[in-house]
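> There's a structure below that I have some questions on.
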Amino acid sequence: MVNAAYVIVALPLLGFALNLVFGRRLGEPLAGWVGTFAAAGSFVASLITWVAMLGKPAGMRVASLNIFTWVPVAGLHVNTGLLVDPLSLTMVLFVTGVSSVIHLYSIGYMHRDPGFDRFFVYLNLFLFSMLVLVLANNFLFSFLGWEGVGFCSYGLIGFWFQREVAAVAAKKAFITNRVGDVGFLIAIFLIFDHFGSLNYSSVLGTLVGGHPTGLMAGAAGAIPGSTATAITLLLFLGAIGKSAQIPLYIWLVDAMEGPTPISALIHAATMVTAGVYLMSRVAPLLHYAHATSWVIASVGTGSAFLAATIAATQDDIKKCLAYSTISQLGYMFMAVGAGDYADGLYHMLTHAFFKALLFLGAGAIIHALADNQDMKKMGGLARYMPLTTVTFGVGWLAISGIVPFAGFWSKDAVLDSVWQMNKVLWGIGAFTAGLTAYYMSRQVGLVFTGQARWREASPALAGAGGASGHAVGGPEARAHGPEAHGRGEHEATEPGLPAPPHGGEPKDATWTMSLPLVLLAIASVLGGGINFTAFGHFDFLNRFLSPIFPYATPITLSTATKWTLSLVVLAFCLLGLGFGLRTWRTAEHPALEPVFLRRAWYWDATVAATVSGPLRAAAAALAFVMDSRLVDGFVNGVGTVLGLSGRVVRRVQTGYLRTYAIGIGAGLIAFLAYVTFRVGS
Amino acid sequence: MSGGTYLVAAGCTINDITGKISGLCTAKGSIHISINYPALVPFFVLGGGALVVLLLSAVLPKRPYRGLWAGLTVAAGVGTVVDGLVQWQQLNGSSVTPVTLGDQLFYDHMGAFFAVLFGVATVAGAAISDGYLEREGLDGPEPYVLMLSCSLGAVLMADAAGFVTLFLGLEILSISLYAMSAYHRWRAASGEAGLKYLILGSLASAIFIYGAALIYGATGSLQYLGVVSFLADNALFQNGVLLGGMVLVIVGLGFKVAAVPFHFWSPDVYQGAPTPFVGYMAAVAKAAGFAGLLRVLMLALPTLESTWRPIIWVLATLSVVFGSILALVQVDLKRMLAYSSISQAGYVLIGLQAGTAQGVRAVAFYLFTYTFMVIGTFAIVGVLQGRGEARNDLSAVRGLASRSPWLAGAMLVLMLGQAGIPLTSGFLGKWVVIEAVLGQGQYELALIGMLGAAVAAFFYLRVALIMFLAPESPGAPAGGAVTLSATGGPGAATAGGGPSDGGPESSEPGDSGWAAGAGRAYSGSDLQAIVTAGLSARDRALALRPPPHTRVRVPAATAAVIAVCVVFTVFAGVSTPVLSWAHAIALPWSA
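Line by line, the protein sequences are chains A and B. Using my numbering, the letters of the first sequence correspond one by one to residues 13 to 693. Using my numbering, the letters of the second sequence correspond one by one to residues 14 to 604.
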């Protein structure tokens, strides 16, 4: 039954191939259904694999499935296969689950887009790559998936590549990720150098008969601390790029140029968590690298706080959520840094539910408002979109950490382990939790309550005729895109989507878009139940994962401490929530939106001034001197010499038989002459 | 086959280790030829197939059913493949080299392996010939009869246990190929190709048979095993005759595999002969020649290894170097592929030069994977060239990526495969061959092989690049590029477009400049300069002509062959079964 794991990976690949070849012919909505069924089938296969795994004793839940061995020569065995263990299975379950829901949503969202089939080609390819990334049994194969998701992310951010902003954002994401990937690649070389293998089981150890082996068993002196630190730091560099942490987080915000389902799936729920997965995967190495753990926890805390402050001042509904994602990913890294991998993954799961929900809700709102993304131009939508309001509200309470929604439990668990590691980090984390509740309440306030400001902003919707189509999507809105882009404070729009068919007031979306909202809302309410650490034996996730994290730092806090901490954090959250809701019934509070926060601490501008500019000049100079003079000169020189010699030698090929016969004869005589010297030897 | 004594005919037993015959058949006056019938099945299938086609063509009306002849040929080819595999299964576990048919044929792993190879080539060759002959109005049974007999000759060469049998196979193969080369009746180049091939081939055959005679004169045997046992038992006082014979045999077979300097025929013949036949010929003639060469050198003349290895070294080096360099300056696709196949033969010779079992297995793998790549490539060229082989120049593939993306994708894979790019079978083939010579400490040869591959990558990728050029280039027409290069050469052409675009002053502020700059770095004319680097001015214009306007029509059978070739090239490049199969060839003589 574990062999169902092959199906998990194969189905999205099949869906990708089908849509690639027949997509245009299948058209809308069939191409979308092909993609959705591939994802859903993959989810079912994951469930089957999971059940098969549950049937085994806790310590035996590891299976390795070989796909093929490449180049079986000269010591370089690259075994490509799948590793099914509790960690990869947890990832697979939520990736395929969330992904199926979002595939379904996309059918409605991408309705009447000219690139409908192309969208699902990318989406299935993304899912395949993501599954390869988490299921691979070695670093190299994982890296393949890692690059694959990066490529799909690039293609999907720039999905509306006719818009320059989208194309540039896609490129930015790609290039920023390359910086991280350098770290990942060097780490791979180091690992091969030290261990002589890239397989997870040989590098990190595995479970044999219920007992950990290798590094996982803590083989004494298995790896020097410095090597472990170097490898894990380099891997973390890759994780920073992929998971958008300080200082490589900028791309994620620009990535919001992509279609909203992409923001939900790739840039909130799944791909950006790959960094967390990677660091959890190398947990046995982290055990020997305390310095790295500290770096991870600090970077995570810093990102969480910084991104939350920025999120509190953004006008664009998606950018606000993007900064929130960076902030929440920071929490996950805090847990990983504190050695509490299971709770990091726990928060990843609950976050996937409520953040996907929030994004999809935002998508429904944007859709209903004819591609308006500026929250200052929304307001009072609760009356018009009841279902969206309720589901979005669930997401809001979940991310704000309000009892008993999913986010409360997971954030609580994360902060408990951080408390144990360092009180200062905990303080920042707890304050950020309050900040989170504040900016999310600000969003809810701006979007759903107060005056219906969208009437002035989108006259088309109010039926007053198009006097100034400022925020209405379409080509004319694009004209001011590029220059406004750098300031990060304009309302990005999503052209390419036609205005909703109804000319009147905004309303809830079609069932393909609403059903996912409901499903994710349910998950956001109940999702916390997978790991109730507070109540005795209900910590299912912890127990499921514990065999492969033998070195996780156990939480030794007393129950009283736990309760106190929970209540303190909850108080922060409620404070933020109340303040946010009260304040943001109206849209104008400049004092609460300092310019340096609106401009994201000037980080983008600093990068542009200090790194991009000189780098661009240096690159241009290099291109001129190195590339066109040296490299091209050399290559062209070789080409010319070879071409010239070829043209000279070809003169022998006269076309006359006599010349050819002479050639054969000459060769024959030369060899005969040679053997006469060897006669008798 | 189990060891020990077993019954071959009524009252007659044979010990398969000593080969000693005992029982009734040793009685005075009794002539018994031990025949192992399973070994002969490929001959029955191929020869029988040829006869059936001939007979049917006499009985049936002139144009009975479309595809009948090709179908029969494909059936015979499939039969050969199946039989080869069955033979392989039967032979698994046997450690000796059984000879059969009065010691004239080997019945061993290598023979079975090559039988499969020739069967595959026959199937593919017949399948792609059907559409071609239909298009050219040449349909008829004759080419298929020739193809089947050619394959029969090839199997005979691979199974031969002595020089006479080898020569017999060589001639059956060659004569069929002469006729096939000349088969395109209304194309003068085809007739010329056939004639050139015939005359030079006859010269090579004469050289070969003279060499065989000299070896017989020196050792008193025409059988490989006889030669080797004679040389093992007797120290020759003067071995000049033997060495001379060896050189002549190498030259004769070197001609067949088109090793430099015995390659001169091949560009002319490849260019002139009907395209699908060229694909078939490139696979079969080469593999058969190498099978013969392997047996002669490794089995009959291992004692002369120190003498023949330098000769093969020279042949390999010349083939790789000249094949690659000359392919670089060709603008005719078929000629370019001829030189490329010369350079590929060089790699096979590198494997042979190792003179080890590992080398032999590398050679077998190389030839098997090359069969798919070369037939697939010629199948594509065959459909692209259009009626009457109108367009064989490089520019025929121009813009193929937009005209016919699937075909372009297939061509790309096959080109990458022949260039030896990782994840294709071509990469693994070159890898195992070079690994084999490295095992013998031949670092220079390995280096030459790798450098040759680097040069070769250029002309394969040139084809790939031309496919992705726009069909027409409005800004810079072909003539413009020619003028540019005629005055300044390729370096100037590239530099002319480079610095002003890449310089800092032209990059725009903001992120958008990056995209535009990257877009401009390789403008159309720059790409053209890269594509045509190394060509003369006149050839540049040829290589950049606009492609034909006719729609590319791919017959179903040809499409299937191309698909299989592409899939195999990737499959054998990323997975192990084919490589393991080649590595499993039991080579008793090397023990």
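Using N, Cα and C, we set each Cβ at its ideal position, and we do this for glycine too.
1) Give a yes or no on whether 9 Å exceeds the smallest Cβ distance from A:Thr81 to chain B.
2) Going by the DSSP bridge assignment, what does A:Ser76 pair with across the sheet?
3) For the region 667-686 of chain A, which residues have a CB atom closer than 8 Å to at least one CB atom of chain B, in sequence order?
4) Quick check on B:Arg564: buried or exposed, where buried means 16 or more other Cβ atoms within 10 Å of its Cβ?
5) Name, please, each residue of chain B whose Cβ falls closer than 7 Å to the Cβ of A:Arg662.
6) Taking buried to mean at least 16 other C-beta atoms within 10 Å of its own C-beta, is A:Thr571 buried or exposed?
7) Mapping the DSSP letters down to three states, classify B:Leu197 as helix, strand or coil.
8) Tell me where the alpha helix (DSSP H) around B:Pro323 begins and ends.
9) With a Cβ-Cβ cutoff of 9 Å, do A:Asp97 and A:Leu219 count as a contact?
10) Using a Cβ-Cβ distance under 9 Å, would B:Leu151 count as near chain A?
11) Give the interface partners of B:Pro274 over in chain A, defined as CB-CB distance under 8 Å, in chain order.
12) What is the C-beta distance between A:Pro24 and A:Leu143, in whole angstroms, given that I count them as a contact (C-beta under 8 Å)?
13) So the alpha helix (DSSP H) B:Trp278 belongs to, where does it begin and stop?
14) Thinking just about the alpha-carbon of each residue, which of B:Gly422, B:Ala71 and B:Gly364 is nearest to the one in B:Cys578?
15) Secondary structure at B:Ala585, three-state DSSP: helix, strand or coil?
16) Considering B:Val410, what are the terminal residues of the alpha helix (DSSP H) in which it resides?
17) Could you tell me whether the Cβ atoms of B:Ala403 and B:Pro280 are closer together than 9 Å?
18) If you draw a straight line from the alpha carbon of A:Val581 to that of A:Ile440, how long is it in whole angstroms?
19) Is the CB-CB distance between A:Ala251 and A:Gly287 below 9 Å?
20) For B:Phe335, which residues in chain A fall below 7 Å Cβ to Cβ?
21) Residues in the region 540-561 of chain B with C-beta within 7 Å of chain A's C-beta atoms, listed in sequence order?
22) What's the C-alpha gap between B:Gly230 and B:Val260?
23) Does any residue of chain B have a CB that is nearer than 9 Å to the CB of A:Thr652?
24) Pick out whichever of A:Ser536, A:Leu101 and A:Ile258 has its Cα sitting closest to the Cα of A:Thr403.
25) Can you tell me which of B:Gly359, B:Met123 and B:Pro289 puts its alpha carbon nearest to the alpha carbon of B:Met194?
26) Less than 9 Å separating the beta-carbons of A:Gly349 and A:Met433?
27) Given a threshold of 16 other Cβ atoms within 10 Å of its Cβ, counted over all protein chains shown, does B:Glu518 qualify as buried or as exposed?
28) Give a yes or no on whether 9 Å exceeds the smallest Cβ distance from A:Val691 to chain B.
29) In this structure, does DSSP put B:Phe119 in helix, strand or coil?
30) Using a C-beta to C-beta distance shorter than 7 Å, which residues of chain A count as neighbours of B:Ser588?
31) Would you say B:Gly239 reaches chain A, if we count a Cβ-Cβ gap shorter than 9 Å as a contact?
32) Could you list the residues in the region 202-218 of chain B with a C-beta less than 8 Å from some C-beta on chain A, going in chain order?
33) At a Cβ cut of 8 Å, what residues of the region 567-591 of chain B count as close to chain A, listed as they run along the chain?
34) List the residues of chain A whose Cβ lies closer than 7 Å to the Cβ of B:Pro280, in chain order.
35) Which term fits B:Trp199, buried or exposed, when burial requires 16 or more other beta carbons within 10 angstroms of its beta carbon?
36) Please name the residues in the region 358-370 of chain B whose beta-carbon is closer than 9 Å to at least one beta-carbon of chain A, in chain order.
In short, the structure shows the following:
1) Within the first sequence, the letter at position 69 stands for residue 81 of chain A. It does: the Cβ of A:Thr81 has a partner Cβ on chain B nearer than 9 Å.
2) In the first sequence, counting from the first residue as 1, residue 76 of chain A sits at position 64. A:Leu95.
3) Taking 8 Å as the Cβ-Cβ cut-off against chain B, the residues of the region 667-686 of chain A that qualify are Gly667, Leu669, Thr671, Tyr672, Ala673, Gly675, Ile676, Ala678, Gly679, Leu680, Phe683, Leu684 and Tyr686.
4) Position 551 of the second sequence, counting from 1, holds the residue named residue 564 of chain B. With fewer than 16 other Cβ atoms within 10 Å, it is exposed.
5) In the first sequence, the residue the question calls residue 662 of chain A occupies position 650. Proximity of chain B to A:Arg662 at the Cβ level (cut-off 7 Å) is accounted for by Leu339 and Val342, in chain order.
6) The residue you call residue 571 of chain A lines up with position 559 of the first sequence. Looking at its Cβ environment, which holds fewer than 16 other Cβ atoms inside 10 Å, A:Thr571 is exposed.
7) Position 184 of the second sequence, counted from the start, is the residue given in the question as residue 197 of chain B. Reading off the sequence, residue 197 of chain B comes out as His, not Leu. Three-state DSSP puts B:His197 in coil, outside helix and strand.
8) Reading the second sequence from its first residue, position 310 is the one you call residue 323 of chain B. Unbroken alpha helix (DSSP H) run through B:Pro323: Glu318 to Leu341.
9) Here residue 97 of chain A refers to the residue found at position 85 when the first sequence is read from its first residue. Here residue 219 of chain A refers to the residue found at position 207 when the first sequence is read from its first residue. It is a contact, given that the beta carbons lie within the stated cut-off.
10) In the second sequence, residue 151 of chain B corresponds to position 138, counting from 1. No, B:Leu151 does not count as interfacial toward chain A.
11) The residue you call residue 274 of chain B lines up with position 261 of the second sequence. Scanning chain A for C-beta atoms nearer than 8 Å to the C-beta of B:Pro274 yields Gly675, Ile676, Ala678 and Gly679, reported in chain order.
12) Along the first sequence, one-based indexing puts residue 24 of chain A at 12. Along the first sequence, one-based indexing puts residue 143 of chain A at 131. Contact between A:Pro24 and A:Leu143 holds, with the beta-carbon distance rounding to 7 Å and staying under 8 Å.
13) Here residue 278 of chain B corresponds to residue number 265 of the second sequence, with the count starting at 1. For B:Trp278, the enclosing alpha helix (DSSP H) stretches over residues Trp278 to Gly285.
14) Here the question's residue 578 of chain B lines up with position 565 in the second sequence. Nearest option by C-alpha distance: B:Gly422.
15) On the second sequence, position 572 is the one that residue 585 of chain B refers to. B:Ala585: helix per DSSP, three-state reduction.
16) One-based indexing of the second sequence puts residue 410 of chain B at position 397. Note, B:Val410: premise wrong, no alpha helix (DSSP H); not H, not E.
17) Position 390 of the second sequence, counted from the start, is the residue given in the question as residue 403 of chain B. Position 267 of the second sequence, counted from the start, is the residue given in the question as residue 280 of chain B. No; because the gap between Cβ atoms is not below 9 Å, this pair is not in contact.
18) Here residue 581 of chain A corresponds to residue number 569 of the first sequence, with the count starting at 1. Here residue 440 of chain A corresponds to residue number 428 of the first sequence, with the count starting at 1. Roughly 11 Å separates the two Cα atoms.
19) Locating residue 251 of chain A in the first sequence gives position 239, where the first residue counts as 1. Locating residue 287 of chain A in the first sequence gives position 275, where the first residue counts as 1. In this structure, A:Ala251 places its C-beta atom within 9 Å of the C-beta atom of A:Gly287.
20) The count along the second sequence starts at 1 and reaches residue 335 of chain B at position 322. Correct list: Val661.
21) Here the close residues are Ala546, Gly547, Leu548 and Ser549.
22) Here residue 230 of chain B refers to the residue found at position 217 of the second sequence. Here residue 260 of chain B refers to the residue found at position 247 of the second sequence. One Cα belongs to B:Gly230, the other to B:Val260, and the distance between them is close to 14 Å.
23) For the purposes of this step, residue 652 of chain A is taken as the residue at position 640 of the first sequence. Yes, because at least one Cβ of chain B sits closer than 9 Å to the Cβ of A:Thr652.
24) Against the first sequence, residue 403 of chain A aligns to sequence position 391. Shortest Cα-Cα distance from A:Thr403 to any of A:Ser536, A:Leu101 and A:Ile258 involves A:Ser536.
25) By one-based count along the second sequence, residue 194 of chain B stands at place 181. Note on residue identity: the sequence assigns Ser, not Met, to residue 194 of chain B. The shortest C-alpha separation from B:Ser194 is found at B:Pro289.
26) For the purposes of this step, residue 349 of chain A is taken as the residue at position 337 of the first sequence. For the purposes of this step, residue 433 of chain A is taken as the residue at position 421 of the first sequence. At a Cβ-Cβ threshold of 9 Å, A:Gly349 and A:Met433 count as neighbours.
27) Position 505 of the second sequence holds residue 518 of chain B. Legend: pLDDT at B:Glu518 = 35, less than 50; position of this residue unreliable, value from coordinates given subsequently. With fewer than 16 other CB atoms across the displayed protein chains lying within 10 angstroms of its CB, B:Glu518 is exposed.
28) The residue labelled residue 691 of chain A in the question sits at position 679 within the first sequence. Answer yes: the Cβ-Cβ gap between A:Val691 and chain B drops below 9 Å somewhere.
29) The residue you call residue 119 of chain B lines up with position 106 of the second sequence. Of the three classes helix, strand and coil, the one that applies to B:Phe119 here is strand, per DSSP.
30) Position 575 of the second sequence, counted from the first residue, corresponds to residue 588 of chain B. Going along chain A in sequence order, the residues near B:Ser588 (Cβ under 7 Å) are Phe80.
31) Residue mapping note: residue 239 of chain B aligns to position 226 of the second sequence, counting from 1. Not one chain A Cβ lies under 9 Å of B:Gly239.
32) Correct list: Lys209, Ile212, Leu213, Leu216 and Ala217.
33) Residues Val587, Ser588 and Thr589.
34) Walking along the second sequence from the start, residue 280 of chain B turns up at place 267. Here the neighbours are Gln665.
35) Residue numbering aside, residue 199 of chain B sits at position 186 when the second sequence is read from its first letter. Exposed, by the Cβ-count rule.
36) For the region 358-370 of chain B, which is checked against every Cβ of chain A, not one residue is closer than 9 Å.
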